[in-house]
Amino acid sequence: MLTPKSSRPTPERLLDAAEKLMRTTGLANATTKAIAREAGCSEAALYKHFANKEELFVRVLTERSPNAGPFLAALTADPGERPVEERLTDIARLGSLFYADAMPMAASLFAEPALLTRHREGLQKIGKGPHMVLDALVDCLAGEQGRGRIRADADPRAAASLLLGACFQRAFFLHFSGSEAVQPVDEFAAAVARTTWAAIR
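Residues 0 to 200, numbered by numbering that gives the first Met the number 0, are exactly what the sequence shown covers, in order.
In structure tokens:
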């Protein structure tokens, strides 16, 4: 049985509303006023629970995107004795799915430079941003390097940038040109991980 909207806690209703609007109208058009109205509460109530719209966006991405949790877990998990290439394959697959999910929500920001600047400043205010994914993969690769499983002269940041950049580009092509323009995600992830691993092992 579905819980009536009015009986759900206000933060949950706001996240529901933010997710709906960000997915249907884009981040640029999902104003705090529109989110509050959709949630059936005041804009003041929104700011009681969330610092700004950017915090809502981050929460929607991390809590409501099916691949966000597994992706972040793959980036920060203790590798144990798991082969590095296998780990990179998981990261590439989940990263591709995560970017494919996030891109439509965020794309509208790039049409409005002033809004993009406000969004960037809002993320900085709460200590978040897309660079955190790259930083997590850099830490992951640096850890593997410290364990002697990656060449000492390999550059973890360059390797992380190559792998995640490929995942982001696949998401762009998927949305811009359609699924026929990209490899199936499992095939793509294995190829990108294999090529990255060949350069750094």
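Ideal Cβ positions, reconstructed from N, Cα and C, are used throughout, including at glycine. Being a predicted model, the structure only gives us computed values, none of them experimental.
For residue j and residue i, the rounded distance between their alpha carbons
{"i": "Pro69", "j": "Glu143", "result": "20 Å"}
{"i": "Pro103", "j": "Arg58", "result": "16 Å"}
{"i": "Leu45", "j": "Arg193", "result": "45 Å"}
{"i": "Cys40", "j": "Ala16", "result": "11 Å"}
{"i": "Arg81", "j": "Phe167", "result": "25 Å"}
{"i": "Leu115", "j": "Arg146", "result": "40 Å"}
{"i": "Arg7", "j": "Leu14", "result": "11 Å"}
{"i": "Leu60", "j": "Thr75", "result": "17 Å"}
{"i": "Asp77", "j": "Val83", "result": "12 Å"}
{"i": "Thr2", "j": "Leu163", "result": "Because Thr2 carries a pLDDT of 44, less than 50, the predicted location of this residue cannot be relied on, and the following value inherits that uncertainty. Distance between the alpha carbons of Thr2 and Leu163: 39 Å."}
{"i": "Thr195", "j": "Leu133", "result": "15 Å"}
{"i": "Ile34", "j": "Ala197", "result": "47 Å"}
{"i": "Val137", "j": "His130", "result": "11 Å"}
{"i": "Met0", "j": "Phe56", "result": "Residue placement at Met0 is poorly supported in this model, since its pLDDT is 37, which falls under 50; the coordinates still yield a value, given next. Those two C-alpha atoms are separated by around 28 Å."}
{"i": "Thr9", "j": "Thr24", "result": "22 Å"}
{"i": "Glu62", "j": "Ala106", "result": "19 Å"}
Beta-carbon proximity of residue i to residue j, cut-off 9 Å
{"i": "Leu255", "j": "Val191", "result": "Here the chain comprises residues numbered 0 to 200, so residue 255 is not present and cannot be evaluated."}
{"i": "Ile199", "j": "Arg150", "result": "yes"}
{"i": "Ser64", "j": "Arg169", "result": "no"}
{"i": "Arg92", "j": "Asp185", "result": "yes"}
{"i": "Glu54", "j": "Lys127", "result": "yes"}
{"i": "Lys124", "j": "Ala73", "result": "no"}
{"i": "Ala99", "j": "His174", "result": "yes"}
{"i": "Glu42", "j": "Thr31", "result": "yes"}
{"i": "Ala153", "j": "Asp89", "result": "no"}
Contact belief for residue i with residue j at Cβ below 8 Å, rounded distance in angstroms
{"i": "Ala135", "j": "Phe97", "result": "No, Ala135 and Phe97 are not in contact; Cβ-Cβ is about 12 Å, not under 8 Å."}
{"i": "Ala29", "j": "Glu111", "result": "Actually they are not in contact, since the Cβ atoms of Ala29 and Glu111 sit about 13 Å apart, beyond 8 Å."}
Residues of its chain near residue i, where Cβ-Cβ distance is below 7 Å and the 5 sequence neighbours each way are ignored
{"i": "Leu140", "result": "Ile149, Pro155, Ala158 and Ala159"}
{"i": "Leu108", "result": "Leu26, Ala27, Leu114, Leu115 and His118"}
Limits of the alpha helix (DSSP H) - the one that residue i falls within
{"i": "Ser107", "result": "Counting along the chain, Ser107 falls outside any alpha helix (DSSP H), and DSSP gives it neither H nor E."}
{"i": "Ile34", "result": "Thr31 to Ala38"}
{"i": "Val132", "result": "His130 to Gly145"}
{"i": "Ser160", "result": "Pro155 to Ser176"}
{"i": "Thr24", "result": "Thr24 -> no alpha helix (DSSP H), and no H or E assigned at all."}
{"i": "Val203", "result": "For residue 203 there is no data in the structure shown, the boundaries of the chain being 0 and 200."}
{"i": "Ala43", "result": "Glu42 to His48"}
{"i": "Pro69", "result": "Ala67 to Thr75"}
{"i": "Arg150", "result": "From DSSP, Arg150 is part of no alpha helix (DSSP H); its letter is neither H nor E."}
{"i": "Arg193", "result": "Val184 to Ile199"}
Chain-order list of residues whose beta-carbon lies under 8 Å from that of residue i (same chain, five-residue window excluded)
{"i": "Arg22", "result": "Pro103 and Met104"}
{"i": "Leu20", "result": "Asn28, Ala29, Ala33, Ile34 and Glu37"}
Neighbourhood of residue i by C-beta distance below 6 Å, restricted to the same chain and skipping five residues each side
{"i": "Ala38", "result": "Arg12, Leu13 and Ala16"}
{"i": "Gln182", "result": "none"}
{"i": "Ala165", "result": "Val191"}
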